[in-house]
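Notes to accompany the following structure.
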Amino acid sequence: MKLILLGAPGAGKGTVAKLLTELDGSVQISTGDILRGAVQAGSDLGKQAEAFMNAGDLVPDELIMGIMEKRLQEPDCAKGFLLDGFPRTIPQAEQLKTLLEKINIKLDMAVNIDVPKDVILDRLSTRRTCSNGDCQAIYNVKSNPPKQEGKCDKCGSPVIQREDETKEAISHRLKTYDEKTAPLIGFYDKENMLLTVSATSSDDVINAIKGKLAS
Ligand code: ADP
Ligand code: ZN
């Protein structure tokens, strides 16, 4: 499957993407994970992105498009991919459309995961992430804590609160979402590609996607 996952920070894009990869071998492409990995590795990309990310601002479109133009042409994408956190602005969506036409790829749909604001706020403040850039497993202190406190189940690295998950940065990220990313819902609706799923359970989201793909 070739999907775009839309939704506010904390809507569950990453969790849903991971579950979908288990269905048919499609790869998850998370621009947030790629960027955090680059920051940790101290690469040029990481150096350019870090300050924007820590403030809860978007990284410039040119940087993101440079990453994605290469990533989408890697061989593992042939089977399918789940775009998690990209596109995030109208210019990114327009440039993605042009890019996909050029490399002859057709998307199945864009899925808007619609979750109430109070749930989002609660999830973001209780979310924890594995600090190992190659792992980045996600936990929640209330609903899904690591087996051993503060330690990743998968790789044993410390589990931390992300730099952009302080109260200030969270509210800034949500504002950025409303201003810059929410308009993509209308964009993909016009393209006749939109599926909106209002659900807080990732299993319900997965079932809605499966149902639509089968129809
Ligand atoms: P979340 O969805 O929880 O906000 P992500 O992990 O998707 O977090 O992204 C973290 C940060 O990485 C964003 O706040 C932003 O700074 C940057 N980022 C990720 N994807 C993009 C994108 N497509 N365009 C611009 N910035 C991005
Ligand atoms: Zn880990």
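Offset between the sequence shown (1-based) and this note's numbering: plus 3. Every residue, glycine too, gets a C-beta built ideally from N, C-alpha and C. Small disclaimer: the values here were computed from a predicted structure and weren't measured.
Taking 8 angstroms as the cut-off, the beta carbon of Val-42 is found no closer than this to the beta carbon of Gly-35. As the crow flies, the alpha-carbon of Asn-147 is around 11 angstroms from that of Arg-126. By the beta-carbon neighbour count (other beta carbons within 10 angstroms, threshold 16), Leu-26 is exposed. 8 angstroms or more divides the Cβ of Ile-188 from the Cβ of Gly-17. At least one heavy atom of ligand 2 falls within 7 angstroms of the beta-carbon of Ala-140. Counting C-beta pairs closer than 8 angstroms gives fewer than three between the segment 170-186 and the segment 198-210, which falls short of the contact rule.
Contiguous beta strand (DSSP E) elements confined to the segment 58-101 occur at 84-87, taking only those with 3 or more residues. DSSP places Ile-173 inside the alpha helix (DSSP H), whose first and last residues are 170-179. At a cut-off of 7 angstroms, the beta-carbon of Lys-157 counts as near ligand 2: some heavy atom of the ligand is closer than that. Sequence-distant Cβ neighbours of Gly-69 in its own chain, meaning closer than 6 angstroms and more than five residues away, do not exist here.
In this structure Ile-32 is buried. Its beta-carbon is surrounded by 16 or more other beta-carbon atoms within 10 angstroms. Taking the Cα of Leu-23 as reference, the smallest distance to any Cα among Ala-113, Ser-46 and Phe-84 is reached at Phe-84. The residue from Asp-117, Ile-163 and Leu-6 with its alpha-carbon nearest to that of Cys-80 is Leu-6.
In the structure shown, the three-state DSSP call for Asn-195 is coil. Relative to Lys-215, the option among Asn-115, Glu-152, Arg-131 and Ser-46 whose CA is nearest is Asn-115. In the structure shown, Pro-186 falls within a helical segment according to DSSP collapsed to helix, strand and coil.
For Ile-123, the closest C-alpha among the options Ile-93, Ile-108, Arg-176 and Arg-91 is that of Arg-176.
According to DSSP, residue pairing for Lys-5 in a beta bridge involves Phe-84.
From the listed residues Asn-107, Gly-40, Cys-158 and Lys-183, the smallest Cα separation to Glu-72 is found for Asn-107.
Ranked by Cα distance from Cys-133, the first of Cys-158, Ile-212 and Lys-82 is Cys-158.
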